[in-house]
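Colleague: Can you read through this structure? Questions will come right after.
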Amino acid sequence: STTFPTSCIPADCSDGNACTTDTCQAGTCVHLRQGFDPVVCELTKLTAGNLCGSEPVDLKLAKAFVFKGSLARNFVGKAENNTKTGQKLLNRAVKQLTGLRNKVAKVGDRGKISPSCRATLDGLLAERLSLVQGLSTP
36 STTFPTSCIP ADCSDGNACT TDTCQAGTCV HLRQGFDPVV CELTKLTAGN
86 LCGSEPVDLK LAKAFVFKGS LARNFVGKAE NNTKTGQKLL NRAVKQLTGL
136 RNKVAKVGDR GKISPSCRAT LDGLLAERLS LVQGLSTP
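Each residue of the sequence shown is one higher than the one before, starting from 36 at the first, in this note's numbering.
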């Protein structure tokens, strides 16, 4: 977080991430991702393509990101306000993201993506997994 004078305003605190709520608390910028909507927003980024910048990503892996990323996003979206099966849906989202991490490792082991791209993708998935696991349904 960035520290500003105690008179900071929320406009000073924008981190450029549409998935966070940026606020100014006691002169410090805080970037929150709470609730289902920010997690769905972050999962949507997995399907955007160009996850390794200008570096090409293995076509099958790119398709897997779109497919499994969409599934995970949809499961999280359906889990909100679903007291009966919400936790099962979140578990299914975790399973999709874990499957993607395993796929990234396999493709990386075969040399079809660079070590830096592999690290980037694994980091993205680890963060999304943590966000999904941080949600729990009542």
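Backbone N, C-alpha and C define an ideal beta-carbon position, used for all residues, glycine too.
Keep in mind that this is a model prediction, so the values were computed, not measured.
By Cβ distance below 6 Å, which residues in the same chain neighbour Lys147 in space, the five residues on each side in sequence not counted?
Modeller: Residue 147 sits at position 112 when you count from the first residue of the sequence shown. Hits under 6 Å: Asp93.
Colleague: Should Val174 and Leu166 be called a contact, given that it needs their Cβ atoms to be closer than 8 Å?
Modeller: Residue 174 cannot be examined here, being either before or after the span of the chain that is shown, 36 to 173.
Colleague: Could you work out which residue in Asp50, Thr120 and Leu125 is closest to Gly70 when comparing CA atoms only?
Modeller: In the sequence shown, residue 70 corresponds to position 35, counting from 1. Considering only alpha carbons, the answer is Leu125.
Colleague: When DSSP labels each residue in this structure, what does Leu67 get in the three-state scheme?
Modeller: Your numbering for residue 67 matches position 32 in the sequence shown. Reduced to three states, the DSSP call for Leu67 is strand.
Colleague: How many angstroms separate the CA atom of Ser171 from the CA atom of Cys152?
Modeller: As a position in the sequence shown, residue 171 is number 136, starting the count at 1. As a position in the sequence shown, residue 152 is number 117, starting the count at 1. Each residue's Cα considered, the two are about 31 Å apart.
Colleague: What does the alpha-carbon distance come out to for the pair Pro40 and Val65?
Modeller: Against the sequence shown, residue 40 aligns to sequence position 5. Against the sequence shown, residue 65 aligns to sequence position 30. Note on Pro40: pLDDT 47, under 50, position unreliable in the model; the coordinate value appears next. A direct Cα-Cα distance of roughly 14 Å separates Pro40 from Val65.
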